[in-house]
Amino acid sequence: MVEDIDPHIIGITESWAIPDISDAELGMTGYVMFRKDRLGRRGGGVMLYIKESIQAYEIKLEKEAECEEAVWCNIVTGKPTLTVGLVYRSPNISMEENEKIHNAIKEVSKRDCIIMWDFNHGHIQWTSLQSTGREDQEFLNLVQDSFLSQHVLEATRGENVLDIVLSSQKEFVDNVKICEPLGCSDHNQIHFIIKVKGERNRKIRYRKHFHKGRYKDMREYLAKIDWNNTLKNKTATECWNILKSEIDCVVDKFVPLKKQGKRSKKKHLSKEAIRKIKYKQMMWKTYRHTGSEEDYSIYKEALNQATAEIRNSKRSYEQKIAFNIKHDSKSFYVYVRSKQKVQDKVGPLEGSDGNIITEGFLMAENLNEYFSSVFTKEDISILPVLETKFEGREFDYLGQLIVTPTMVAMKIRDMKDNKSPGVDGIPPKLLLEIVEQISIPLATVFNLSIWHV
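Under the UniProt record's numbering, the first residue of the sequence shown carries the number 1, and numbering increases by one thereafter.
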């Protein structure tokens, strides 16, 4: 589902997660997870996933509104922010916990908000705004008194509307669709569009497409430079800066830009698995249209076949990358890390004035100020002077070491062109293409760095 739709926000209720299950087992690549597990009892729990590209942070409500199974996040959309909540209300909820949920609605409804909810009030008719039970009527009155809009009008489990989406403004939610259940759940998925403009971390980024570089023109340009005269009477640092400047110049001139696209998330899915997933989705739409038991049986069969094919496809992919580890270890370790590594997102942070900081530069400044405040302040007014000494014999002195252009060229040619660049940002692919043109200035830099520190 995530790979097909690529949603910005995912809410899952009845996660059945416990503290012993680590975030690495539940996390998804590209998303920040906020979870609230049920403590002391089986079942329940909620998990809210928000894309890393969206500025979001968890918030706490007042003590009397702290629900046992609810998570609340602020999404930075400008001013004001949008509060997104995910709540699970158990059918066996206590009066105390039910009161906390009502208090949470009262508090959150005072701001721009969207609440996703498995609320287990099955006797409310949302089209006519009528109910039969006492608790159902109390909840309906609360929603109306809080001026919240409810957007789910079709059944989400059997013939009942048990899962709802509330918003403080009707215009926030659009295009609500009731979709097939997720996995073995008996609740249908709810897909909808949130119509607000969020502040995204990710901007359109470009990178140099070195495999499309015009290296013949690049070599001709560099061959015209008289390196001996250009680097004459210069220090090692000055020589390196000149060489790096010329390399940057030819990269800008002769290497095109390429937009950084999204990496495919479906590497482990075979064509047959994708075909069966699409067929399963088509059978679900058919069943929703007809409502017949026969079509439901066809959908369940398609679901089982798709699940089995996904499992087989994933197993085959894992066997393939494990078998090829000697030739392509990178793919193996990338896959392993994607399954076990959880990246903790830094920020947003709360500043000393109580305001929330979301911009990267300001967060870095805030962290810098905090850590520098606990540094030990040394007295640097009096520093010892060290005397340079050499107590060895004459032949123990380092002999004359000369780095030749041939030596530099040999080392460069030993590089692999598919490796990542170093701290200088120059990829091995580029060095291999212009090795003859840069071996002389590089040798000069190395020699100066050895003998003229």
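By construction, the Cβ of each residue, glycine as well, lies at the ideal position given by its N, Cα and C atoms.
Just to confirm the assignment, what range does the alpha helix (DSSP H) spanning residue i have?
| i | result |
| --- | --- |
| Gln260 | It is not in any alpha helix (DSSP H) - Gln260 carries neither H nor E in the DSSP assignment. |
| Phe361 | Gly360 to Ser372 |
| Ser439 | Val435 to Trp451 |
| Thr237 | Ala236 to Phe254 |
| Arg311 | Glu293 to Phe323 |
| Phe139 | Arg134 to Asp145 |
Quick one: measure Cβ to Cβ for residue i and residue j, integer angstroms, because I've assumed they're closer than 8 Å.
| i | j | result |
| --- | --- | --- |
| Leu162 | His187 | 7 Å |
| Leu166 | Gln189 | So it is not a contact: roughly 17 Å between Cβ atoms. |
| Met283 | Ala308 | In fact, because the Cβ distance is near 15 Å, the residues do not count as touching under 8 Å. |
| Glu107 | Ala65 | 5 Å |
| Tyr317 | His268 | 4 Å |
Taking all protein chains shown into account, do 16 or more other C-beta atoms lie within 10 angstroms of the C-beta of residue i, making it buried, or fewer, making it exposed?
| i | result |
| --- | --- |
| Arg393 | exposed |
| Gly11 | buried |
| Gln130 | exposed |
| Tyr370 | exposed |
| residue 479 | Lying before the first or after the last residue shown, residue 479 is absent from the chain, which here runs from 1 to 453. |
| Tyr287 | buried |
| Phe119 | buried |
| Met95 | exposed |
| Asp4 | exposed |
| Ser381 | exposed |
| Gln437 | buried |
| Lys285 | exposed |
| Pro384 | exposed |
| Ala24 | exposed |
| Leu39 | exposed |
| Gly43 | exposed |
| Pro80 | exposed |
Could you tell me the alpha carbon to alpha carbon distance between residue i and residue j, rounded to whole angstroms?
| i | j | result |
| --- | --- | --- |
| Arg41 | Ile93 | 13 Å |
| Lys341 | Arg35 | Any answer about Lys341 is weak, because its pLDDT of 49 lies below 50 and its placement is not dependable; what the coordinates show is given next. Going from the Cα of Lys341 to the Cα of Arg35 covers about 17 Å. |
| residue 473 | Ile164 | Here the chain comprises residues numbered 1 to 453, so residue 473 is not present and cannot be evaluated. |
| Pro441 | Leu231 | 8 Å |
| Asn103 | Ser90 | 16 Å |
| Thr444 | Leu432 | 18 Å |
| His121 | Arg111 | 24 Å |
| Cys73 | Gly360 | 19 Å |
| Pro421 | Trp227 | 24 Å |
| Ala306 | Ile274 | 8 Å |
| Ser439 | Ala223 | 11 Å |
| Ala56 | Ile75 | 4 Å |
| Ala409 | Arg311 | 49 Å |
| Thr156 | Trp117 | 12 Å |
| Trp451 | Val32 | 51 Å |
| Asn233 | Glu246 | 18 Å |
| Glu387 | Val255 | 50 Å |
| Glu58 | Ser146 | 23 Å |
| Ser329 | Arg315 | 18 Å |
| Asp136 | Lys170 | 22 Å |
| Leu86 | Lys51 | 15 Å |
| Leu430 | Asp379 | 47 Å |
Residue i: which of the options sits nearest, CA to CA?
| i | options | result |
| --- | --- | --- |
| Asp353 | Tyr206, Val346, Glu359 and Asn366 | Asn366 |
| residue 470 | Ile310, Thr83 and Glu171 | This structure cannot settle anything about residue 470, because the visible part of the chain is limited to 1 through 453. |
| Val173 | Asn160, Ile193 and Ala155 | Ile193 |
| Gly183 | Ile225, Glu14 and Tyr333 | Glu14 |
| Arg205 | Glu171, Glu64 and Leu257 | Leu257 |
| Glu435 | His289, Met218 and Ser331 | This sequence places Val at residue 435; Glu is not what is there. Cα-wise, what sits closest to Val435 is Met218. |
| Phe210 | Leu448, Asp417, Trp451 and Ser449 | Asp417 |
| Asn447 | Leu401, Leu430, Val76 and Ile438 | Leu401 |
| Ala364 | Arg337, Gly351 and Val374 | Gly351 |
| Val2 | Gly27, Ser109 and Lys377 | Gly27 |
| Asn229 | Glu220, Cys239 and Val71 | Cys239 |
| Ile21 | Ile5, Arg315 and Gly45 | Gly45 |
| Gln260 | Ile277, Asp295, Lys208 and Glu272 | Lys208 |
| Ser168 | Leu142, Ile124, Ile178 and His8 | Leu142 |
| Gln125 | Asn160, Leu148, Arg134 and Ile114 | Asn160 |
| Leu362 | Val346, Thr376 and Ser373 | Val346 |
| Ile242 | Ser185, Asn304 and Ile225 | Ile225 |
| Ser53 | Val251, Pro80, Ile9 and Pro427 | Ile9 |
| Tyr49 | Gly30, Asp37, Glu62 and Tyr296 | Gly30 |
| Pro181 | Arg413, Asn324, Tyr215 and Tyr299 | Tyr299 |
| Val71 | Val374, Met47, Gly213 and Thr77 | Met47 |
Which residue marks the beginning of the beta strand (DSSP E) containing residue i, and which one marks its end?
| i | result |
| --- | --- |
| Cys113 | Cys113 to Asp118 |
| Lys51 | Val46 to Lys51 |
| Leu82 | Leu82 to Tyr88 |
| Cys179 | Val173 to Pro181 |
| Leu166 | Asp163 to Ser167 |
| Phe34 | Tyr31 to Lys36 |
| Glu58 | Ala56 to Glu58 |
| Asn74 | Ala70 to Ile75 |
For residue i, verify whether its CB is less than 7 Å away from any heavy atom of the ligand HEM.
| i | result |
| --- | --- |
| Glu387 | In the structure on display, the ligand HEM does not appear, and there are no ligands present to speak of. |
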